[in-house]
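A quick write-up on the structure given underneath.
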Amino acid sequence: MLSSVDLPVEETATKTRRTPKEFFVKYFLAGQKTHEDEVESGVASPFDNFVAKYRKAIGILIPMIFVQTFYWLLAFENGFWRLFATRYEMSLVMMFGAAVGGATAEGGGAIAFPVLTLAFKVPATTARDFAFMIQTVGMNSAAITVLLMGLLVEKHTLILASIGGSVGTILCLEFLDHRLPPDLKKMIFVSVFFSFAIALFLLNSDKKRKTFDKIQNFDLKKSILLVIVGFVGGVFSGISGSGLDVFSFSVITLLFRVNEKVATPTTVSLAGINSAVGFFWRHQMQHAIQPLAWEYFAVCVPIVSIFAPLGSFISSHFHRQTLAIFIYILETVAIVSAFVIIQPDLTLSIISVSFVVVGFLFYYLLAFLGRRFISQEHFDSFGCMDDSICPLGPLILGYSADYFPYIYKQDNGQFNGVFYDLYRVIAKDEGCDGLELRKFPAQRISSEYEVFDGAIDRREVLTAIDTSFLRPTDLKRYRHSTTALTTKMMFMEQQKDDGLTSDISFYAMFPANIFILLVVVWLIYSSLEYLHHR
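The sequence shown begins at 1 in full-length UniProt numbering and counts up one residue at a time.
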């Protein structure tokens, strides 16, 4: 049985090459995840309309005005402006650092710590304390912007990782930090953040992955894991002032497949909370913050209160790959600079490389487990606890447009194509009542497949026939009776008269007996050819 059910959605044309305008919109005006607008029964007041219209501007101005007002009152009372003559260089650095902290999962301390320790030769402890102090202002200003702009955050991560991070940071400050040599702290910092760049690369290499706005099927095990993640990240924050944010970001995006547009404001808020805990502990409990850290803090507060919220606003329009490339460059420069400036001995070099290698293996494992997790979550939500791929009768697939030779509609209205034939065999082997296709619009550049994801979550379709194919590992999971071999065949034709070029790839499946027969025939043919040449 074959039917085509067109949903009431807009049709779009086939794929075309992006114009410069479309490229700019994709990578620099991608938009951010926000709470859905509430439907109100009454008429909105003028104030509500004003807030809705200027929500982004209000989100930036309120924390900036609040901090600036109190800062300048204290500055005039204590003469802070005199410090700018000798400490202005850190103000310039934190323009950049605060913007990075507000725009990415890295806190402003990710810029401040290596600059202070490597370029300005400031002790690692003082640089760490300054990172706590300045992130308390900058990251919390950005967090207020996140709140006022209505950006989505992953609340489970924010609460539980904050608890674990606070404990980890305090224990590190009390029992571990003073036992580590300064050069080791610097190399640990650049190694951990370079590992984060690797994690980000792994994340972005899976361009069509399915993502969620929150952790799916949250339970006790996941809550304990988030507390542990927070604790480990808090230990790294206790060493360098940053670490909890990037570690939490990596785990929830790679393992739980949380959308980066949700994970980034979550970890920005997380960094603000954790930095406030570290600042409080160093100042009120240990009474150990050095005067130099206070001087740098005094000249940077008015800077970060502007640039951190501005960074959050700017990042809400940048595509994730734009920010990712920036972090790749930043962390590569940081680790190379550390090796050049510190010139670590063999032991320290081995430790640093080990951190990078272990970090890579850890994040690769997270990415692998994340793929397993998303597969399990999808089939559990689809009601396929018995590994059935057609619990509703027919095998239901979505498609967006004809994509010859994979899937296309013939003149008689019937479907044909390599993928269509492949799924028809699968439907037959699985005992499905035929194959049913439902049409969706080709997704907009920045939508990241929310329409298809929503249809899958609502159990309307199993997958998209024209954007993916079943791999051998998928076939093994579904327990198909047909043993399959996946082969990729490519050919290219080029006509000199009009320059027409086609590049067609398709995947063929063979039952086990046919495959064995083909191998035997190939061996006989090869043997005869070999004897003939002799």
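We treat Cβ as the ideally placed atom computed from N, Cα and C, and that holds for glycine.
Straight-line gap, residue i to residue j (C-alpha atoms, nearest Å)
i	j	result
S275	L176	18 Å
L202	A334	20 Å
P394	L422	15 Å
V356	L310	32 Å
Q68	L116	25 Å
Q284	P46	45 Å
P302	W81	11 Å
G168	F297	24 Å
T332	S349	16 Å
N259	V519	45 Å
G164	S223	11 Å
T86	V277	29 Å
F76	F373	56 Å
F84	E295	9 Å
F50	F196	40 Å
A142	P63	8 Å
Q286	N217	41 Å
F469	D411	In this prediction, F469 has a pLDDT of 47, which is less than 50 and means its spatial position is unreliable; nothing more can be read from the coordinates.
K476	C432	Only weak support exists for where K476 lies, its pLDDT of 46 falling under 50; the value from the coordinates is given anyway. Taking the straight line from one Cα to the other gives about 18 Å.
residue 589	E460	Absent from the structure is residue 589, since the part of the chain shown begins at 1 and ends at 534.
G107	V268	7 Å
K261	V246	14 Å
K428	R438	19 Å
N140	I426	53 Å
L171	F193	21 Å
F339	A119	13 Å
L292	G109	16 Å
F440	T126	56 Å
Residues near residue i by beta carbon distance below 7 Å, same chain, minus five either side
i	result
C300	M90, S91, M94 and I134
A367	L202 and L254
I198	G359, F360 and Y363
S162	G230, L270, I273 and N274
K409	D402 and F415
K56	M149 and F313
V227	L160, I163 and G164
Bridge-paired residues (DSSP) for residue i
i	result
A464	G398
Y408	N416
Y403	I407
F313	Paired residues: none, contrary to the question.
V258	F212
Cβ shell of residue i (< 6 Å), same chain only, five flanking positions each side left out
i	result
G370	L254, L255 and R257
K185	A124 and I239
V122	L116
S352	M187 and S191
R282	D129, A288 and I289
T211	R257 and N259
T136	S275, A276 and F279
F132	G241, S275, G278 and F279
V521	none
8 Å Cβ shell around residue i - same chain, five flanking residues per side excluded
i	result
A99	F307, A308, L310, G311 and I314
Y525	none
Segment limits, alpha helix (DSSP H) that includes residue i
i	result
D48	P46 to K53
A110	G109 to P114
S91	F84 to A103
G234	L220 to S240
Min CB distance residue i to chain C below 8 Å
i	result
G168	This model lacks chain C altogether; it includes just one protein chain.
task = Write down every uninterrupted run of the alpha helix (DSSP H) in the segment 122-200 whose length is 4 residues or greater and which is fully enclosed by it, in chain order.
result = Counting whole runs of 4 or more residues, the segment 122-200 contains the alpha helix (DSSP H) stretches 124-148 and 155-171.
key: Length at least 3, wholly inside the segment 323-381: the beta strand (DSSP E) runs in chain order   = Entirely contained in the segment 323-381, not one beta strand (DSSP E) run reaches 3 residues.
request  = Ignoring anything shorter than 3 residues or poking outside the segment 260-315, list the beta strand (DSSP E) runs there in chain order.
outcome  = Unbroken beta strand (DSSP E) runs of no fewer than 3 residues, entirely contained in the segment 260-315, are not found.
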